[in-house]
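Visitor: Read left to right, the sequence shown gives residues 97 to 257 (the numbering used here).
All C-beta atoms in this analysis are idealised placements derived from N, C-alpha and C, irrespective of residue type, glycine included.
Since this is a predicted model, take the numbers as computed values, not measurements.
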Amino acid sequence: MPSLLPFITWCNQTAVGTWIRTGSGWAFPIIETFHILALALLFGTTLIIDLRLLGAGMKRQRTSQIAAELWPLMMGSLALILVTGVLLFLSEAIKVYGNAGFRFKMVCLVFALIFHFTVFRRVALSHEETHSPSPGDRAVALVSMALWLGVGVGGRAIGFV
97 MPSLLPFITW CNQTAVGTWI RTGSGWAFPI IETFHILALA LLFGTTLIID LRLLGAGMKR
157 QRTSQIAAEL WPLMMGSLAL ILVTGVLLFL SEAIKVYGNA GFRFKMVCLV FALIFHFTVF
217 RRVALSHEET HSPSPGDRAV ALVSMALWLG VGVGGRAIGF V
């Protein structure tokens, strides 16, 4: 398997990454603030749907209705997370290259995105029932919560490992 180090080095040396890292004392904290706020919005909107799939709230509304109303917020926050995440990565690519927390976050993120746009989306947007959730609904909610929690925990761990 070829080493990613040349690519990581290139990322670290881009003009954008260098400017964020050295050119401005405020760029990194501002970008990180938007990254975390967008992450909180994505987690919150996803959690609302997960809790509905668990039968823990909003029982009079169909899950599909809740998901359809929240989907634009979820997609906007995800877009902001990805843009700010790339910017943050460019500014410290060498630092996070060997970081176990970063690797854990990226693995969780890949699985969370795949799950979110396949199983979770299909179940949430097509769920017309207003009564008790099925065991499958509960499983989808629990996997969704675990994957997104892994993304958050991995992100937080970057500074400590």
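(1) Does the distance from the CB of P229 to the CB of G151 come in under 9 Å?
(2) When the Cα atoms are used, what is the spatial distance from A208 to F216?
(3) For A136, count neighbouring Cβ atoms within 10 angstroms of its own Cβ and tell me buried if that reaches 16, exposed if not.
(4) From L169 to L133, what distance separates their C-alpha atoms?
(5) Should the segment 245-257 be called in touch with the segment 176-196, which here means at least 3 C-beta pairs below 8 Å?
(6) Pick from A220, G232, L243: whose alpha carbon is nearest that of M202?
(7) Leaving aside the five residues before and after G246 along the sequence, list all residues of the same chain whose C-beta is less than 6 Å from its C-beta, in chain order.
(8) For the segment 97-113 against the segment 139-151, do three or more pairs of beta-carbon atoms, one drawn from each stretch, fall closer than 8 Å, so that the two count as touching?
Guide: In short:
(1) yes
(2) 10 Å
(3) exposed
(4) 12 Å
(5) yes
(6) L243
(7) C204
(8) no
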